[in-house]
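Undergrad:
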Amino acid sequence: TRYLDIPKARRLEQEQKRVNVDFTLWMIHLLDKEAKRLGVPRQSIIKVWVAERLEKAS
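Mind the numbering: the sequence shown is residues 111 to 168 in the numbering used here, read in order.
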């Protein structure tokens with residue numbers, strides 16, 4: 111739009127912090143399968159899915 115520069119838009123509070131999460135092997139296999147299908151790293155799948163769930167819950 112003429113009032114919002116979408117390419118320059120960003121979400122606030124984007125500081126990242128590393129966390130460790132343990133997954134069962136079957137979950138890792140399914141995550142890897144989906145990541146391969148989409149051509150993205152496993153971490154990307156996890157981050158997107160968690161973000162979607164958090165946005166839905168709030």
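Glycine residues also receive a C-beta, built at the ideal position from the N, C-alpha and C atoms. All figures in this text were calculated on a predicted structure; none of them were measured in a lab.
1) Between the C-alpha atoms of residue 128 and residue 144, what's the straight-line distance to the nearest angstrom?
2) In chain order, what residues of the same chain lie with their CB nearer than 7 Å to the CB of residue 142, ignoring the 5 residues before and after it?
3) Let me check understanding here. Comparing Cα to Cα, which of 164, 157, 162 lies closest to residue 131?
4) Restricting to Cα atoms, I'd like to know which of 163, 155, 161 is closest to residue 138.
TA: The short version:
1) What you label residue 128 is simply residue 18 of the sequence shown in a count that begins at 1. What you label residue 144 is simply residue 34 of the sequence shown in a count that begins at 1. Straight-line spacing of the CA atoms in residue 128 and residue 144 works out to 22 Å.
2) Your numbering for residue 142 matches position 32 in the sequence shown. Closer than 7 Å at the Cβ level, and outside the excluded window around residue 142, lie 152.
3) Position 21 of the sequence shown, counting from 1, holds the residue named residue 131. Closest in C-alpha terms to residue 131, from the list 164, 157, 162, comes 157.
4) As a first step, residue 138 must be located in the sequence shown, where it is residue number 28. Comparing alpha carbon positions, the residue from 163, 155, 161 closest to residue 138 is 155.
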